[in-house]
Amino acid sequence: NVGAVQTGAHAIANTVQGLGVDDVSALRSALGEVQKAIAEAATLQEKQRSELLELASEAEAQLSRPDANGTKLMATLNVLAAAVQGIASAQPAYAAIKAALLPLGVTLP
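Laid out in structure tokens, this is it:
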């Protein structure tokens, strides 16, 4: 629901989806949990760990920008979610990022 009222045969309504303050806060918190889980995961090789932590930092940087690249942010968050989903000890971090992505219309398994 976006609250647009359309009349006529070829009416068009344009919307822009943005992140609210609460959404950004939830994503930052989830990213913190993800970073901690990645840093502590014994099953990750050092190269993979550093690459995933770099992605998490890039996601944080996008959240801080007023003109965030939404496509890049969503792709990065999906990669991070997939990575932590495979780490047994990171299930709380996965649950946090999964919940934080729901308001954006992203559903993870």
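When you read off a place in the sequence shown, starting at 1, and then add 1153, the result is the number in this note's numbering. Virtual Cβ for every residue (Gly too), placed ideally from N, Cα, C. Since we're looking at a predicted model, the values are computed, not measured.
Bounding residues of the alpha helix (DSSP H) (the contiguous stretch that carries residue i)
i     : result
G1185 : V1174 to E1193
I1250 : Q1244 to L1254
Whole-angstrom distance between residue j and residue i, CA atom to CA atom
i     : j     : result
H1163 : L1226 : 33 Å
K1189 : T1160 : 51 Å
V1187 : V1158 : 40 Å
G1223 : L1216 : 9 Å
Y1247 : V1259 : 13 Å
A1195 : A1235 : 17 Å
A1221 : S1242 : 31 Å
Residue nearest to residue i in terms of C-alpha spacing, selected from the options
i     : options                       : result
E1204 : T1160, A1183, P1256 and T1229 : T1229
V1174 : P1256, A1248 and K1200        : P1256
R1131 : D1220, E1193, I1191 and A1214 : Missing from the structure shown is residue 1131; the chain here goes from 1154 to 1262 and no further.
E1211 : L1197, N1231 and T1196        : N1231
A1183 : A1209, R1218 and R1202        : A1209
Q1201 : L1254, L1233, L1261 and P1219 : L1233
Status (buried if at least 16 other CB within 10 Å, exposed otherwise) for residue i
i     : result
Q1244 : exposed
I1191 : buried
A1249 : buried
I1165 : exposed
A1252 : exposed
What are the uninterrupted segments assigned as alpha helix (DSSP H) that are 4 or more residues long and contained completely in the region 1198-1235, given in chain order?
-> Note on the region 1198-1235: whole alpha helix (DSSP H) runs with a minimum of 4 residues are 1199-1217, in chain order.
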